[in-house]
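Data block below; observations after.
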Amino acid sequence: MLHGMSTTPEPAAERSADEVNEEIRALWFRSGGSLNAEERREYQRLVMEWAAASPKDTEAA
Numbered sequence: 008m009l010h011g012m013s014t015t016p017e018p019a020a021e022r023s024a025d026e027v028n029e030e031i032r033a034l035w036f037r038s039g040g041s042l043n044a045e046e047r048r049e050y051q052r053l054v055m056e057w058a059a060a061s062p063k064d065t066e067a068a
């Protein structure tokens, strides 16, 4: 029997756009500005997570 499963992994914990952006920056830094195939897949996953993430609470108190 085939069960309906999502092929898109869910993030372990919901992160802010700022947190995901920091990971993207670290990936580019580690790669020296040139991504291999595995790093490109990671970058694409991070960009999708970043786009879906909510910005860190920036409302004035």
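All residue numbers for the sequence shown refer to our numbering, where the first residue is 8 and numbers rise by one.
The beta-carbon is built from N, C-alpha and C at its ideal position, and this holds for glycine as well.
Under the three-state reduction of DSSP, Leu-53 is assigned to helix. Less than 7 Å separates the beta-carbon of Ser-38 from that of Glu-46. When Glu-49, Glu-21, Asn-43, Ala-44 are compared, the shortest CA-CA separation from Ile-31 is found for Glu-49. In this structure, DSSP gives Arg-22 a state outside helix and strand, which the three-state scheme calls coil. A direct Cα-to-Cα measurement between Glu-29 and Phe-36 gives close to 10 Å.
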